[in-house]
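Plus 70 on top of the position in the first sequence (first one is 1) and you've got my numbering.
The structure appears below as structure tokens.
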Amino acid sequence: MSSTGRPGRPPAAPASLFAGGARRVARRLLGAVLVSEGPDGRTAGRIVETEAYLASGDPACHAHRGPTARNASMFGPAGSAYVYRIYGLHRCFNVVTGREGSGEAVLVRALEPLEGLDLMRRRRGRDAPRELCSGPAKLVEALAIGPGHDGLALDGGAALRLEARPRGARPRVVATTRVGISRAADLPLRFYLADSPWVSRR
DNA sequence: GGAATGATGTACT
DNA sequence: GTACATCATTCCG
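Encoded structure:
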């Protein structure tokens, strides 16, 4: 039982978790915990790898050419989710950042599995812990994130939410180029925890 | 209307 | 390291 907050209600993520541009939020989200309450149970993982997609000067950003039906939720308030389909098969999960309407987001690329490992195994059809959340589409499957989460606020009350890392924690972070893009491929907008074995790749 | 592409994962050589 | 599944979105004509 938690001694703070209302019973049954998890602590809300402080708004400061999402404040600022995608580059800053991408770094701040490292170490934060993503929690998913599915109908079949609860799963959670610590964010160890992110990528920033910027509102301007970034042709790899889905919002680069303005709002469309797909990227509409990217233009919502900071702290909401942007979930989209990729390659006809998979989905990726982003956290919207920046000023509302700017079209910035942070792609979450890998988690350290913390809770609900067996549930993740069933959803993923794999056994090895390393194979559960070490990629943007893998973690989406492991946490049962779906199109219904698109546009949802992640700041505390919903089935999908983020909890900030402990204040004062200063993890060592590596900045490098983003994965799987053809435009603006040289910008150092990918970030991961230097000491984490859970990142998708080095 | 039609064609190319994609913020990936998996299997195979 | 390479091949490919699979389809919504985007872009071109």
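Glycine included, each C-beta is placed from N, C-alpha and C at the ideal position.
- The C-beta distance from S150 to L222 rounds to 6 Å, short enough to fall under 8 Å.
- Per the C-alpha coordinates, the member of G173, G158, L159 positioned closest to V165 is G173.
- As the crow flies, the alpha-carbon of S106 is around 5 Å from that of T113.
- The alpha carbon of A180 has as its nearest neighbour, out of P199, L159, Y157, K208, the alpha carbon of K208.
- Within its own chain, the residues whose Cβ lies closer than 6 Å to the Cβ of S266, once the five positions on either side in sequence are excluded, are V118, listed in chain order.
- Just measuring C-alpha positions, the residue of G111, F261, R271, L99 sitting nearest S204 is R271.
- For G218 and Y152, the gap between their C-alpha atoms comes out near 10 Å.
- With fewer than 16 other CB atoms across the displayed protein chains lying within 10 angstroms of its CB, E170 is exposed.
- Annotation: E201 is outside any alpha helix (DSSP H) and is labelled neither H nor E by DSSP.
- In the displayed model, R260 falls within a strand according to three-state DSSP.
- DSSP, reduced to helix, strand and coil, places R140 outside both helices and strands of the structure shown, so it counts as coil.
- In this structure, G127 lies near A254, with their beta-carbon atoms less than 9 Å apart.
- DSSP lists A175 as the bridge partner or partners of V166.
- The DSSP assignment places no complete run of the alpha helix (DSSP H) inside the segment 222-263 (cut-off: 4 residues).
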